[in-house]
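K.L.:
Below you'll find the structure I mean.
In my numbering, the protein residues as written are 398 to 558.
So, in structure tokens, the structure goes:
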């Protein structure tokens, strides 16, 4: 019983509830209710099961050797606890996820810096209403038409349209 109680981990239900989408809220509430009910039942159980009164059963059972045989078998019974094989895999996945999240954050910071530079460039430009075609082509070179290489309209390769 002590092994079961040690294995119980506290669940942060508030943090869990924040991540539950609204369409799954009833399922979440049912899970929480069931978990609370099971936790209450487990807490109501004693830490150690009550000891068996073998003397009472020896006096109450008519067949003399039967209780001694049960007592030997009961004392020889060892229930193995399951071996934890998944925690190491979960920890490895968690480390991998943390590493990929850190890489994503670094890449996002680089993109943010690039976008801020572009935004600063756009803010420092003269307004579109006051631009000439030369100013537009200087600010946005991709809008320039190559009339020498493509002398006929649309002055771009057809594949680029």
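Note that the Cβ used here is the ideal one computed from N, Cα and C, for glycine as well.
Since the model is a prediction, treat every value here as computed from it, not as a measurement.
Within a Cβ cutoff of 7 Å, which residues of the same chain sit near residue 437, ignoring the five residues on either side of it in sequence?
P.N.:
Answer for residue 437: no residue qualifies.
K.L.:
Going by beta carbon distance, what residues of the same chain come within less than 8 Å of residue 547, once the five residues before and after it are set aside?
P.N.:
Around residue 547: 553 and 554.
K.L.:
Please report the straight-line C-alpha distance between residue 411 and residue 537, rounded to a whole angstrom.
P.N.:
50 Å
K.L.:
May I ask whether a heavy atom of the ligand ATP can be found less than 7 Å away from the beta carbon of residue 453?
P.N.:
What this structure holds is no ligand at all, so the ligand ATP is not there to describe.
K.L.:
Please name the residue, chosen from 520, 518 and 541, that lies closest to residue 529 on a Cα-to-Cα basis.
P.N.:
541
K.L.:
Can you give the Cα-Cα distance for residue 422 and residue 414, rounded to whole angstroms?
P.N.:
So the two alpha carbons sit approximately 8 Å from each other.
K.L.:
What runs of the beta strand (DSSP E), each 3 residues or longer, lie entirely inside the stretch 420-486?
P.N.:
none
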